[in-house]
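Take a look at the structure set out below.
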Amino acid sequence: MGAAAPTEVIVPEQPPRRVALITGATAGLGAAFAGRLAAERWDLTLVSRDAARLSASAEELRARHGVRVNVLPADLATESGTAAVEKYLRSEPVELLVNNAGIGLNKRFLRSTLDDELRILRLNVEAVMRLTFAVLPQMTERRSGGVINVSSVAGYGVTAPGSTYTATKAYVINFSESVAQSVRRHGVHVLALCPGFIRTEFHQRAGIPTAGSPGWIWLKADTVAAKALSDLRKGRYVSVPTMRYKLAATALRHTPHGLVRRFSEAGNRAVGRGTR
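In case it helps, full-length UniProt numbering puts the sequence shown at residues 1 to 276.
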């Protein structure tokens, strides 16, 4: 009898690995996005200006979820930092971009400094626009992908202090909705995420007092991240987590602007003058 014919071994093709890039990824909402996506087996690229915290976050995610985690230390309020992330987005396959990094300042406009106000603009507006512009060509060519731009319900109103912050968040909402319309036909989704108050480091860094804020206004970062990812997958343009903040956003959009200003002034006094 002749030797048996060798059996062909068919190795199943591995699905392509999905990569998400998250800015402001080491704490708060950014860390919540990272943890939730890692649990779904996404590989990650984490961006933050704090290299030590980036490395610690990456190591924890690798150990807990067994995913690949790349770190990219960069200060997106600087030209060199934004350029480094742009370069990465143009050269590496990224399926999801989360523009989460942002800052605010608990000062009235004329009591601030021009440098501080420009830093808010660079991080909250310029970096969001540039990174979105950098990643969309590969997504539209591939006909898949998504961008989540973190805005705020504050973008529907007016605040003082925080005039520039509120204006930047209004920009993010309108920018995201406009871009979403233009790329939707290419299979790409862009979402403006508009949360209210989240328990993160944001308020401490901005110098915004929170001690007198009622408990019901606060959201959990993981709840917000989960809602944003769900709404992005549904193809929505805007995500406002929880019914109470949906009602607030609806009221701000449809209330006469003079009343909005009065409500904002009263709200600032009641909850410590600021919102993420």
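Just so it is clear, CB atoms sit at the ideal spot from N, CA and C, and this is done for glycine as well.
Would you tell me roughly how many angstroms separate the C-alpha atoms of residue i and residue j, rounded to the nearest one?
{"i": "Arg-244", "j": "Thr-132", "result": "30 Å"}
{"i": "Lys-227", "j": "Ala-180", "result": "18 Å"}
{"i": "Ser-239", "j": "Leu-247", "result": "13 Å"}
{"i": "Gln-138", "j": "Gly-146", "result": "11 Å"}
{"i": "Arg-18", "j": "Arg-119", "result": "32 Å"}
{"i": "Leu-123", "j": "Thr-164", "result": "12 Å"}
{"i": "Tyr-88", "j": "Gly-162", "result": "32 Å"}
{"i": "Arg-41", "j": "Leu-61", "result": "11 Å"}
{"i": "Thr-140", "j": "Ser-112", "result": "41 Å"}
{"i": "Glu-86", "j": "Ile-217", "result": "35 Å"}
{"i": "His-203", "j": "Ala-58", "result": "Summary for His-203: the model assigns pLDDT 47, below 50, so the residue's position carries little reliability; its value from the coordinates is reported in the next sentence. C-alpha separation (whole angstroms): 24 Å."}
{"i": "Asp-222", "j": "Ala-31", "result": "9 Å"}
{"i": "Ala-56", "j": "Ala-38", "result": "15 Å"}
{"i": "Val-94", "j": "Ser-151", "result": "21 Å"}
{"i": "Tyr-171", "j": "Asp-115", "result": "20 Å"}
{"i": "Thr-26", "j": "Leu-121", "result": "21 Å"}
{"i": "Ala-84", "j": "Ala-20", "result": "16 Å"}
{"i": "Gly-28", "j": "Gly-81", "result": "21 Å"}
{"i": "Ala-134", "j": "Gly-104", "result": "25 Å"}
{"i": "Leu-46", "j": "Leu-229", "result": "17 Å"}
{"i": "Val-128", "j": "Arg-90", "result": "15 Å"}
{"i": "residue 278", "j": "Pro-16", "result": "Residue 278 cannot be examined here, being either before or after the span of the chain that is shown, 1 to 276."}
{"i": "Glu-117", "j": "Leu-54", "result": "26 Å"}
Mark residue i as exposed unless 16 or more other C-beta atoms lie within 10 angstroms of its C-beta, in which case mark it buried.
{"i": "Val-92", "result": "Residue 92 is actually Glu in this sequence, not Val. Glu-92 is exposed by the Cβ-count criterion."}
{"i": "Asn-149", "result": "buried"}
{"i": "Phe-33", "result": "buried"}
{"i": "Phe-109", "result": "exposed"}
{"i": "Gly-35", "result": "buried"}
{"i": "Pro-195", "result": "buried"}
{"i": "Lys-107", "result": "buried"}
{"i": "Ala-154", "result": "buried"}
{"i": "Glu-79", "result": "exposed"}
{"i": "Ala-74", "result": "buried"}
{"i": "Gly-66", "result": "exposed"}
{"i": "Ala-52", "result": "exposed"}
{"i": "Ala-63", "result": "exposed"}
{"i": "Ala-206", "result": "Any reading at Ala-206 must be qualified, since the residue scores a pLDDT of 46, below 50, and its modelled position is unreliable; no value is offered."}
{"i": "Ser-178", "result": "exposed"}
Figure out for me which residue from the options has the closest Cα to the Cα of residue i.
{"i": "Thr-23", "options": "Glu-79, Gly-102, Ala-39 and Gly-162", "result": "Gly-102"}
{"i": "Leu-232", "options": "Gly-162, Ile-198, Ser-144 and Tyr-156", "result": "Ser-144"}
{"i": "Val-125", "options": "Ala-167, Leu-105, Phe-109 and Arg-111", "result": "Ala-167"}
{"i": "Val-183", "options": "Tyr-165, Leu-114 and Leu-136", "result": "Leu-136"}
{"i": "residue 277", "options": "Val-188, Val-71 and Glu-40", "result": "One cannot answer for residue 277 here, as it falls past the ends of the chain, which runs 1 to 276."}
{"i": "Lys-234", "options": "Leu-21, Thr-45, Val-67 and Val-188", "result": "Val-188"}
{"i": "Ile-173", "options": "Ala-225, Asn-99 and Leu-105", "result": "Asn-99"}
{"i": "Leu-76", "options": "Tyr-156, Leu-97, Arg-130 and Tyr-171", "result": "Arg-130"}
{"i": "Lys-220", "options": "Thr-242, Ser-230 and Arg-236", "result": "Thr-242"}
{"i": "Leu-193", "options": "Leu-97, Pro-16 and Gly-81", "result": "Leu-97"}
{"i": "Thr-250", "options": "Tyr-156, Val-224 and Tyr-237", "result": "Tyr-156"}
{"i": "Asp-43", "options": "Val-69, Val-190, Phe-175 and Ser-230", "result": "Val-69"}
{"i": "Ile-198", "options": "Val-224, Ser-176, Phe-175 and Val-47", "result": "Val-224"}
{"i": "Phe-175", "options": "Leu-105, Tyr-237, Arg-185 and Leu-46", "result": "Tyr-237"}
{"i": "residue 301", "options": "Glu-117, Val-128, His-186 and Lys-169", "result": "Since the first residue shown for the chain is 1 and the last is 276, residue 301 is missing from the structure and cannot be characterised."}
Using DSSP's beta-bridge definition, name the partner residues of residue i.
{"i": "Val-188", "result": "Gly-145"}
{"i": "Leu-193", "result": "Val-150 and Ser-239"}
{"i": "Leu-219", "result": "Ile-198"}
{"i": "Ala-73", "result": "Here residue 73 turns out to be Pro, not Ala, going by the sequence shown. Paired residue(s): Ser-48."}
Measure from the C-beta of residue i to each C-beta in chain B and report whether the shortest distance is under 7 Å.
{"i": "Asp-50", "result": "Checking the listed chains, one finds no chain B in this structure; it contains a single protein chain."}
*Considering only residues of the stretch 96 to 151, which uninterrupted beta strand (DSSP E) runs meet the minimum length of 3 residues and lie entirely inside it, listed in chain order?*
Counting whole runs of 3 or more residues, the stretch 96 to 151 contains the beta strand (DSSP E) stretches 96 to 99 and 145 to 150.
*beta strand (DSSP E) runs contained entirely in the stretch 11 to 58, provided each spans 3 or more residues*: Taken in chain order, the whole beta strand (DSSP E) runs of length 3 or more contained in the stretch 11 to 58 are 19 to 23 and 43 to 48.
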